[in-house]
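Chemist:
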Amino acid sequence: MEFLDGIKVSEIDTLKAANIDPPALAKVGVDLYVEQILKHGFFHADSHPRNILVLPEIGQICFIDFGMMGAIMPNDKEALGDLLLYFLRKDIKKIMPLLEKIATKTDIPDYKKLEQDLNELVEGVSNTTLQNIKLGTTLNQFKTVLSENKIILPYYLYMLIRGIVIIEGVALKLDPKFNIMDNQQPYSSKIIRRRFNLKRLFKKNLHRFQ
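For the sequence shown, position 160 (counting from the first letter as 1) is numbered 580 according to this note's numbering, and the numbering increases by one without interruption.
1) Can the beta-carbon of G449 be found less than 9 Å from the beta-carbon of V590?
2) Less than 9 Å separating the beta-carbons of Y506 and I492?
3) Run through the DSSP bridge pairs and tell me what V545 is partnered with.
4) For M488, report the span of its beta strand (DSSP E) as first-last.
5) Could you tell me the boundaries of the beta strand (DSSP E) in which V474 lies?
6) Count the other C-beta atoms from every protein chain shown that fall within 10 angstroms of the C-beta of Y575, then say buried if there are 16 or more, exposed otherwise.
7) Beta-carbon separation of L519 and L566 under 9 Å?
8) Kindly indicate the opening and closing residues of the alpha helix (DSSP H) around F562.
9) Between D537, N547, L580, Q536, which has its C-alpha nearest F463's C-alpha?
10) For G487, does the count of other Cβ atoms within 10 angstroms reach 16, so buried, or fall short, so exposed?
11) Among residues of its own chain, excluding the 5 on either side of I584, which ones have a beta-carbon nearer than 7 Å to its beta-carbon?
12) Compute the Euclidean distance between the alpha carbons of D502 and D511, then round it to the nearest angstrom.
13) With DSSP as the reference, label K428 as helix, strand or coil.
14) Please go through the same chain and pick out, in chain order, the residues whose beta-carbon is closer than 8 Å to the beta-carbon of S467, but skip the five residues on each side of it.
15) Hey, could you find the ends of the beta strand (DSSP E) I481 is sitting in?
16) Does the Cβ of A465 have 16 or more other Cβ atoms within 10 Å, making it buried, or fewer, making it exposed?
17) The alpha helix (DSSP H) that contains F507, what's its start and end?
18) The alpha helix (DSSP H) with I512 in it runs from where to where?
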């Protein structure tokens, strides 16, 4: 165990006095968190302001208190990439079976209602400008859709949603104009393009293995 003498990200005035720019800090902090999720598949699930320190002397952000961590399983990491891709394409017909594949338990009473609920969620996001989308709000709406349609995801995915909602809230305190969707679009687009290209490459060469 190591003692770290840093500034909590909630101490805005102290950060400014140390010549640390809060909006720039918001961007770097979210970048680090998204990297935990998409690159490493291992993330801090309790990233509230008291668990994020800034070391002013070396200009580093430190996540502390690792009592609540989450790990994305390799198969689910692939499925989550597909889910994001289908969500952006508004392909509800592919989202529905994928949710059943990811879920630990399903007892969907009405598939038509599930389709309608997902469609309303997707259309609501697509009809909102990127700058006005609150990812935390969208994820909470997604959780509501799952709950109402009796779809239960693996516990660590609820931890992931919780972690994203919290980190977005931290970023907004540092920079009220911060938009996590806008900020992460280049990185997310890169991941999606890579995912799509790998799938296309696999399909193109599938005959070689048959």
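Cβ atoms here follow ideal geometry from the backbone N, Cα and C, with glycine treated the same way.
Modeler: According to the structure data:
1) The residue given as residue 449 occupies position 29 in the sequence shown. The residue given as residue 590 occupies position 170 in the sequence shown. Their beta carbons are under 9 Å apart, which means G449 touches V590 by this criterion.
2) Position 86 of the sequence shown holds residue 506. Position 72 of the sequence shown holds residue 492. Going by C-beta atoms, Y506 is not nearer than 9 Å to I492.
3) Position 125 of the sequence shown, counting from 1, holds the residue named residue 545. According to DSSP, which records beta bridges pairwise, V545 is partnered with nothing at all.
4) Here residue 488 refers to the residue found at position 68 of the sequence shown. Careful: M488 lies outside any beta strand (DSSP E) and carries neither H nor E.
5) Indexing the sequence shown from 1 puts residue 474 at position 54. Element bounds for V474: 472 to 475.
6) Here residue 575 refers to the residue found at position 155 when the sequence shown is read from its first residue. Burial call: exposed.
7) For the purposes of this step, residue 519 is taken as residue 99 along the sequence shown, with counting starting at 1. For the purposes of this step, residue 566 is taken as residue 146 along the sequence shown, with counting starting at 1. Their beta carbons are under 9 Å apart, which means L519 touches L566 by this criterion.
8) Stepping through the sequence shown from its first residue, residue 562 is reached at position 142. Its alpha helix (DSSP H) spans residues 555 to 568.
9) For this step, residue 463 is matched to residue 43 along the sequence shown. Cα-wise, what sits closest to F463 is L580.
10) By one-based count along the sequence shown, residue 487 stands at place 67. With fewer than 16 other Cβ atoms within 10 Å, it is exposed.
11) Walking along the sequence shown from the start, residue 584 turns up at place 164. The answer, listed in chain order, is L555, G556, L559.
12) As a working note, residue 502 is residue 82 in the sequence shown. As a working note, residue 511 is residue 91 in the sequence shown. If I take the Cα positions, the gap works out to 11 Å.
13) The residue given as residue 428 occupies position 8 in the sequence shown. Note: K428 maps to strand in three-state DSSP.
14) Position 47 of the sequence shown, counted from the first residue, corresponds to residue 467. Contacts found: Y453, F483, G583, I586, I587, V590.
15) In the sequence shown, residue 481 corresponds to position 61, counting from 1. 480 to 483 is the span of the beta strand (DSSP E), which, as asked, contains I481.
16) Residue 465 sits at position 45 when you count from the first residue of the sequence shown. So A465 counts as buried.
17) The residue given as residue 507 occupies position 87 in the sequence shown. Note, F507: alpha helix (DSSP H), 494 to 509.
18) Numbered from 1 along the sequence shown, position 92 holds the residue referred to as residue 512. Looking at the DSSP string, the run of the alpha helix (DSSP H) that includes I512 is 512 to 522.
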